[in-house]
Each structure stands twice: as C-alpha cells, then as structure tokens.
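For reference, the structure is listed below as structure tokens.
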Amino acid sequence: MRKLTPMILAILMLASTSLVAMDWSELENNTMTEADGRSGPDAQVTSILSPRATTTDSITGEQIHTMRAGDNVHFEVYIENVGDADIEEMGVSLTVYLAENGERGMIAKDAAGNDLSWYNGDVVCDDTFVCPWSTLAASTALDYGKYTFAYQGSPVSWSPATGDYVIVVETNAIGDADAGNDYAENLVSVVDWTDVIVDLAWDSGKEVEGGAGDKAFTLTVETGGSSSWSARSITVDLSVQGTLSSATDNNGNDIMGTTTVAEFGTYGMTETFRHETDSNNTTSDNRYVIDFQNQHEWFGVVSPDTSGDSGDYSVTVNVVSYVVYGQLPDCEETTTGNSSSAQNGSQEMTYIHFCEVTMYQDGDAATSEDEIEGKVQTFHDIGVSTLVVNQGYVVDENGDAMAAPTMPGITTGPLNPAWSSIQASVRHSGSDIMVTYDWEVTFVVENTVTGVTETIVADSCTFGQGPAYTHMLLGDDMGNGGAFEVGEACIMFEFAPGIYNLTATVSMVGGTAGTADMSQRNNAASIYEISALNNRPSVSLTVQQDEGSIVIGPDGMITLEADADDADDDTGQNLNYVWTHPAMQDINGTQQPSQCNGMGIAFSTCNLMAFDSDWAGVQTYSVTVTDEHGSSAMDFTNVFIWNQIVATATTASGIGIEYNLTYDGVNEFHLEAWADSEASYTQDLTAFGYAGEYSSVAVIDYQPSTTYMPEDVDSQEIVMSYDTTSLEPTSVFWISNGNWVQLDATITSAGNDGTITINLGEDSQVLPQGEIALMGGVLQIIEAPDAHATGLTVVASKGGTITASWSYSGNTVPGADWLAMEICDSADVCTTTQENTTLVAHSMNGQTDTVHGETYTYTLQVCNVGGCNPTIATASATADKMVDGDASATGMTVANKGGANAWTVSWTASGDTSDVSGWMVCWTDFSWSTSGEMPDTCADAGDATSTDINHPGGAAGSKTYYFTAVPYDDKSNMDNALPGTDILLTIESTVTDPCEEDPDSDECAAIGDSGDGADSGEVPTWTWGVIIGLVVIAFVVGAFILSRGGDGDEGKDWDY
C-alpha cells in the first residue's frame, strides 16, 4: 500500500504532461471527396441499367429482378464523364462471370464454348468513321445516359442458362483521372420459368373483323418456358361481348358472356402422385395434358348483329390456372415414424413427394391473355408489315441501282457506308378486301451523329427485295389488275458512317372521310440505332519484275501493282490511288504528283521507267489508297535497281578501253587513270603454263574511280582496242605490287583494228588499280604431267584413325609437278591440298580429324601449271571409333573355380551384338563410379561369355575384387563399363615358432631362467609406487574441478 500511492501520482503526472503537449486540432475531421486533388477526364460507370441486379426480399425471401433462362437481353449502362475535361478516346469492356457464393468465378461461356467477354475500343475517338462519338464532354453522360454495349457495330445480346452470374462493365479512357470508378458489377440470377400461351385470331387473318356474316375464330393454347415440362388441366375464361346475335363453340354450345374452358390437350390416364422413397406408392387419374411446346386449338364462331347501323364486339381470353406435376416444395410431408435409434422410439421424417400443384400465374403474364375485335361496319385500315435495308448494289453515276441487291433484307447493323435501298412492305388490313385504297410511304432517315434528317416519299420499288413492284392500289378489284393485297415501296439512300434511325410511315392517298384509316398503330415501322461503319480499305503492293532483274536504261521497266480491297466498294471505282517513287518532279520546292495518281481500278497499276542513276540502289515505292469516306490504307515496298555505266578512255598511244559495269551504287563509275606507262617487262611465265620468258609490247597505268566488291557487281566486261600495225599482243596480265595475274582475254583483229575482250567472270569485283601489261611473243604452252598416282589404299584402324598409301606411275618432275590431294566426307565436304610428289602416305587422326561412321574418300591427281594428268586415283574408308550397337554384358556372376586358384566370370551378351568380335573382362581390387575409370587389367575372353582369371598373390588378408565385361570390334575398339559383379578374396598365412623347430638353440634354452631380474621383463617395484601416486593425483584434481561453479561462485558455469 505504501508503494501504490507514489506509483499512481507518477502515472497522473506523465499523463498530464502528454495531454498538455497534444495539438487538439489534429483530432478534427477533415472532410475530403474522392474528386479532391484530381483534374482531367474521368470516366465513371455509374450503374448497369440492364440487366438489373437480383435482390432478395428480406421479409418473404423471394428473389426480385431475376432473369428468365433463354431470354435474350441487351446490356445497358449509365456511363458519364465526372471529370473536368473532355474524354477524347475511350473503350468499354463487358464480361460475364459465373458467381461463386456471390463472388466472381471463371468467365462464363456461351453455348458454343466462347467466353462471354467483349472489348469495344471504338466508343469514343477522333475517327468519326469508326467511333459513334468523337468526344465525351465533362459532366456529360454517354448516349444520354443509356449506352447499349455494342461490339463491331451490333448490340451484344445474351441468352443465359440458369445460374448465378456477375456482370462487370469497365471503361478504359485515355488520361483517366480516377481508375477506382471505372467499373461496376451486378449480381444476377437466372431462373427456369413456365409459360402458358393463349392466342386468339380471326380465321380470315384480319386484325379487326368487319361486315355481316359469321366470323370464325381460333383459340390456340401452347406451352413454353425455359425447359421441358407438361401442363395439366389448363383452365381459361373466354369472354364474348358486344354487338352479336350469337356465339357458339365448335360443338354448337352457347359461349356468349363468360365461359370457362378446360379441355385443352390430350386426355388420358397419367400419374398424379408418387412417394419420394416408396416407388410402389403411386396414384393415377385422367387429365388433359399438353407437353412442352405443343399446342391445342379450340374453335368458335360469332355472328354480328347487323340490325343496327354499327357496333363493336370482342372475344377475350385469360388463363385462370394450370397444374404442374413434379417433385415440388408444395409436395413436402412431415411424418412421425418408429425408429430404433431414437431415444423415445419415434423420429420425424420429411419427404418431398411427386405431386400435382395448381399454378395461378405463369412466368410471362403478357402471353396469358389475348383479345380480338370486330366491327359491324367496314373497318378501313392499311399498315406497314416489314421494314428492311438492302445493300450490295451496282449503281450508276447518279446513284441509281442498275441491278438487284446482293445483300437484301438487312434489319440489324452494321451496314456498309454505300448506296442502299430502304424498303417497306405494306398491306391491306381492312375488314373488306374489296374496298381498295391508294397509298404512299414516307421514309424518314435520321443520322443521330450529325443530326441531319432526310424525308423521301415513295410508292413503288424496282430493285428491292423480291420482284420489281409497280404501284397499285391495296385490295382486290375483282382481277382487273389495278389492285393487290400487298405493296412495296423503296428509296435509294447513300449511308455515310454513323448511327441512323429509320422510319417508314404509310398513309392513304385520296379517298373520302368515310374510308379514312381507322387504325394508326400499324401505320409505321422503325429500325433504331442501326450503325453504318466504314470498312477501311486494304492494299498490298507488289513488283512484277523479278528481284534484282531491273537495270537502269531503256530496258529498266518497273511495273507496280496495288491489290486494293474495300468491302464497301466491290468494283473499286471510288478508290483513289496516290503513288510515290524516285525522280518525282519538284517545282519550287513542291513535289508534284505522280503521273500514276488517279481514281478507279485503272490507276492500281503504275508503270515506270528507270532511265538514270536517280533510280539506282534501294528505293522506296509506296501507294496510298483512300475510299470515298476518307479512310485510307498504305503499303510500300523497297525495289533494288542496278546502275549501269560504260566508262571509256584512250591512251596517248591510241589504246582504248570500254568498261561496261552494272553495279550497286548511285555514284557514276569512271576511270581515274588510263595512260601509257614507261615501264616495260620481260617475265618468265612458266607459272601460267607458258614456257620461257616473254616481253611486254605495251603497259598501261589503270585506276578505276571505285573498286566495287563482288556482291555489288551484277555484270562487267572490258573491251580494249589497239592498232595492229604497232602492237601484236598475245596475252594480257594485270600487275599490282609485283604480283602478276593473267586476265581471261580473247584477242581478235580485223584489218588494222585489234580488239581484246576481257572476261572477269561471275561474282568478281571491279578490276582493282594496277598496270595492264600486253605481252607479245608466240606462247609456248606447257603440257600436263605424264605421271599419276597409283595403288591407292585407304584403311580404317582402331580409334577412328584412317591411313592412306600410294605410289606413282611415270616420272614426276620435281619443282614443277605437285600432287593435288582431296579428302571428302560423306556429305561431300572436301578439303584440297597441294602436296609434294615425294609424299606417298597420309593419315587422319581419330581424335581430331575423323567422325565415327563418316566415310572419307581420298582423290589424288598429279598436276602442273599446264594442267593435271587425267588419271585419278580414288579410294575410301569409314572411320570406326567405337563398338556399334548397344551390346552389353548383363547378369554378370563371379565364383571361385573348384579345384583351382582362380575365378570363373560369366555374363549374358545383350543388345545388338552384330559389331561385336569378342569380350574383354577387366578387373581390379577397387570399385569405380564412372565408366571412364574402368581399369586396364583385362583378360580376352574371345567370343565366349565366360572366362577364368587366376587369383592374384599378395600378403595375407581379405580384399574385394570388382569385374566388368565389355565388347570389342574388329578394329579392337572397346567399350567402357561400370563394375558388373564382385567377390571377396581371402589370403591366409601360417607362422612357425622357431623354438618348436629347434628347441635346443641357445635362444630357446635361456627362456625361463630364475636369474633374469629386471632385464628379463619383470616390472620394477618402484614402478608400482609411481603408478599409484599418479592415480591419487588425478583423483584429487578431478574432484576439485567438479566442485567449481556452485552457489558460492554465483552459479558460474565452468567449461573444461
């Protein structure tokens, strides 16, 4: 208690000092909104309007706003820009997930197995031909707050199966300020449903009956819904009212007023109850049954009362009830039964039987009632039955169709932005077909993007869906040819990219007040928000000439073809072509259009002539194709063209040159030097196949402007000219830094004009700088050698080594002749060397020069500068480095051989042994872990599968020996292997006591004498005292150590 009081006072003091130092303003709430600190565009998915989220009534537990399985649904979303700047580019994604405990699961799939996931990236963008909106202004909702999600121009529809789903809509706007509000999701439940469908119709087909006489009608009852089921005991109320004299059913029974009818379907015995667990506990009775999607017709007749001037009458039907049979919640039964496991001997049991349940409302109330009407007087009516768009026309310059459409009857987008017809079908819907009506249709076309509306009136249709129609009255004029029950009207309209509302309204023309249209509800038909999307053209540019075949000059034709395609322009007549290519004219800094530019298919080909070096090298050629709506596509290609120049020059002595060069380059090729040289040469030309020395008759200094490499040269030729009266050349050489190269020259003459044509060959560079020597004198050609190689043998040996040997037939000339030796492998990859003719043998090392299994072929030929002896020696061998196949020794055993100091090692030869010549047994007294460590102590077993090996000698003891057997081939190549078996070898030794052999020896006689003393091996007496003293000291020291670290030393731990 004495300590508690000061502790409390200390705590209070610390708390008070902390509270005094606190800034109370820090505890105030700062109210901030999500938009604070943000600026720029901000797309927000405020809500998903359709389908609505499914909720559960907290009182009844009933699900509200469920979806019906199988019904098509469109997705409508409220998307707005809550930022302070316009959204200039935005896409919207839609994904339907399976719901797992109310959370997103995997993406749901449609009936075809495709993911229910779409992304429309063309909702808002600056291309009005692609996107419906170019911008979404700040504080503005997309599509007036009800955006219907579309993909590729058409609204996305979904026909769901039963289950729970999560629908997620997300925006993707460029520069979006807040990603947190870019998506919304709805949890929806899809349920099975049943439907009893009733339909009333006048047998005449009229919407409203009229005139005198009996009027027959048909009541059709049908079952529908999301899955198969059967309806029983369908009951309806039929109400017949109005100006009628009588009304009867098919059996003549009076049905005036309200009549209950319940005999729909097939009557017969059917099961009405089945116990859940007792299959023998059933009940059956007679019922009227209509199976799923079957129908039953019921007939009646009414007779209008024509005693008065006019009047109205009607027949109305309503579904009262129907019966469903199945294992339903209403069939639940709870009973108390005996149970041996229960404490009181009884237990409550709950069953859900199969039973009949009466339903008073189906899944679609709209189909549970119907009504037909009639008038005693004549009912005047015409109406629009269908409205379609026809596309795929060939039109003239005025936009008039020249033939029927290739794509008729379109009712949903997207449309092609092209000339189309909008067609309405109209019909006579009055009560008296003999009353005819003149008519016309007013078409209203509204572009919702631009706000422009166009109104056109028509009453005929030449090139529409179906046969051509010329205007007639609606009705029947007793076959006079001036009237027909139905009519067609269409207009031609050129759709530009955009979104359109189309409306066709029929109206009567002329007539009297007594024949005015009495029903307005069927006078118009509309197609809303049908989109026309421009298909951008595509183009592919090709060059008709082969690659690398074009050379500038009069034959340098370039043919470019643009293969353009536009889905909205089948003929291509409205496509505009703009070409770019080299040598386009420039006037005052402005590049002039190409002569190939123009509109129409004729301008899809561009013919050009590469006439100078401006076209040489790799140049880019392009074409841009633009459709009539401004969308374009471009393609380009790089075309390589060879430059071609003939460079000429003449020396002072009159020796001329024409260097004809076709090359890759834009700079002009010319000769920097072509002049007479003061040099003269006398040269031994034996190395070139000519015997003796020769003297030059002319030497020219030569230098080209550029030395192009072989890859830059297509072709080249040098033609030299000279005066035969002053020069008589017999050969031509190129000299550089003392190196002589003979040129392939053809020397001809005609009178005083001499010509030297030099062939530099294919894939050669431009002749480099140097001297060109024209040598004179009659050429003495050296003959090919007489000697040749003979007796060539090629042998393969162990380890892949290949050895070749040969001799020579005839006499070789040392220093003049050489041996051309070519060695080729199996893939004809060859190596050729020039050897001295003293060489008579050659080998290839198996470690570095050969590959196992490759065949190597030697080819030998004796040559000199005059050529080679035609006799060729050739032979080959296959390198062999290993034993082929997978032969191995399995099941190895080793055992001591009876009656011998040896082992018997045995094995089984397994695998492919076709290359095996014999077996080696290798052994040692240690094991090895890799096959390469196999010992080299081996015994040859020949082709046997067992052999004997003598025991090794050695000192006494036991040792384990390890054995393996490996195959070898005819080249003595041998495999390696791991140990296959082992055995223990024990060597014993016997030691003999010398005293037993010779007990009378001096050493043996002295053993055991009493006078041995200390020297005889006894322990001295003082030694025992020392041993006892050491033991006592050790005991005392140990006790002292164990006593340390006790409580007296504060619990220290001592470590010894």
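Those letters in the sequence shown? Residues -7 to 1048, per my numbering, in order. We put the beta carbon where it would ideally sit given N, CA and C, even for glycine. Computed from a predicted structure; not experimentally measured.
Rounded to a whole number of angstroms, what is the C-alpha to C-alpha distance between Asn856 and Trp810? So the alpha carbons of these two residues sit roughly 6 angstroms apart.
Residue nearest to Thr251 in terms of C-alpha spacing, selected from Thr258, Ala667, Ala239, Met261: Ala239
May I have a chain-ordered list of the beta strand (DSSP E) segments no shorter than 3 residues that lie completely inside the stretch 716 to 747? Qualifying beta strand (DSSP E) stretches, in chain order: 723 to 728, 731 to 734, 736 to 742.
Do Trp110 and Gly355 have their C-beta atoms closer together than 8 angstroms? No, these two residues do not count as a Cβ contact at 8 angstroms.
DSSP beta-bridge partners of Pro959: Trp911
Report the residue ranges of all beta strand (DSSP E) runs contained in full by the stretch 483 to 546; include only those spanning at least 3 residues, in chain order. Entirely contained in the stretch 483 to 546, the beta strand (DSSP E) runs reaching 3 residues are, in chain order, 490 to 501, 516 to 524, 530 to 535.
Spatial distance of Tyr70 from Val312 (CA atoms): 40 angstroms
Which residue from Gly743, Leu719, Phe680 puts its Cα closest to that of Trp726? The shortest Cα separation from Trp726 among Gly743, Leu719, Phe680 belongs to Phe680.
Does DSSP classify Cys323 as helix, strand or coil? Residue state, collapsed to three classes: helix.
Where the beta strand (DSSP E) through Phe265 begins and ends: 258 to 266
Decide if Leu1051 is buried, meaning its Cβ has at least 16 other Cβ atoms within 10 Å, or exposed. Residue 1051 lies beyond the range of the chain shown here (-7 to 1048); nothing can be said about it.
Can you tell me which of Asp297, Ala608, Thr350 puts its alpha carbon nearest to the alpha carbon of Asp322? Thr350
Distance, Leu179 Cα to Asn1054 Cα: This structure gives no information on residue 1054, because the portion of the chain shown stretches from -7 to 1048.
With burial defined as no fewer than 16 other Cβ atoms inside 10 Å of the residue's Cβ, what is the status of Trp16: buried or exposed? Annotation note: pLDDT 43 at Trp16 (below 50); position unreliable, coordinate value reported separately. Under this definition Trp16 is an exposed residue.
Within 10 angstroms of its Cβ, does Gly838 collect 16 or more other Cβ (buried), or is it exposed? buried
Applying the criterion that 16 or more other CB atoms from any shown protein chain within 10 Å of the CB defines a buried residue, is Ser906 buried or exposed? exposed
Can you tell me whether Glu480 is buried or exposed, with buried defined as 16 or more other CB within 10 angstroms of its CB? Glu480 comes out buried.
DSSP three-state assignment for Thr275, whether helix, strand or coil: strand
Answer yes or no: do Ser423 and Thr370 have a C-beta to C-beta separation smaller than 8 angstroms? yes
Quick one, which of Glu432, Gly244, Ala594, Gly197 has its alpha-carbon nearest Gly502's? Residue nearest to Gly502 within the set Glu432, Gly244, Ala594, Gly197 is Glu432 (criterion: CA-CA distance).
State yes or no: is the C-beta of Met500 within less than 8 angstroms of the C-beta of Tyr429? yes
Classify Ser1008: buried if its beta carbon has 16 or more other beta carbons within 10 angstroms, exposed otherwise. For Ser1008, the predicted structure reports a pLDDT of 45, less than 50, and the residue's modelled location is therefore unreliable. A value from the coordinates is still provided. When all chains shown are included, Ser1008 counts as exposed.
Chain-order list of residues whose beta-carbon lies under 7 angstroms from that of Asp388 (same chain, five-residue window excluded): Here the set comprises Met394.
Check whether Thr699 and Asn659 have beta carbons under 8 angstroms apart: no
Excluding sequence positions up to five away, which residues of its chain have a Cβ less than 6 angstroms from the Cβ of His267? Closer than 6 angstroms at Cβ, skipping near neighbours: Asn273, His345.
Is the stretch 667 to 680 touching the stretch 755 to 775 in the sense that three or more CB pairs, one from each, lie closer than 8 angstroms? yes
Start and end residues, beta strand (DSSP E) containing Glu814: 810 to 816
Would Ile282 and Val213 qualify as a contact pair, given that the criterion is a beta-carbon distance under 8 angstroms? yes
Could you spell out the range, first to last residue, of the beta strand (DSSP E) harbouring Glu438? 430 to 439
As a quick exercise: from Gly490, Ser518, Ser623, Gln611, pick the residue whose alpha carbon is nearest that of Pro529. Ser623
Less than 7 angstroms between C-beta atoms, sequence neighbours within five positions excluded: which residues of the same chain meet that for Thr398? Gly384
Checking the sheet assignment: what are the DSSP bridge partners for Tyr700? According to DSSP, which records beta bridges pairwise, Tyr700 is partnered with nothing at all.
Reference Tyr157; option with closest CA among Asn93, Ser964, Asp878: Asn93
Where do the N-terminal and C-terminal ends of the beta strand (DSSP E) with Trp1049 fall, by residue? In this structure the chain extends from -7 to 1048, so residue 1049 is not present and cannot be described.
Are Thr804 and Ala867 closer than 8 angstroms when you measure CB to CB? No, these two residues do not count as a Cβ contact at 8 angstroms.
What are the uninterrupted segments assigned as beta strand (DSSP E) that are 3 or more residues long and contained completely in the stretch 592 to 669, given in chain order? 597 to 601, 609 to 618, 624 to 633, 635 to 642, 648 to 655, 663 to 668
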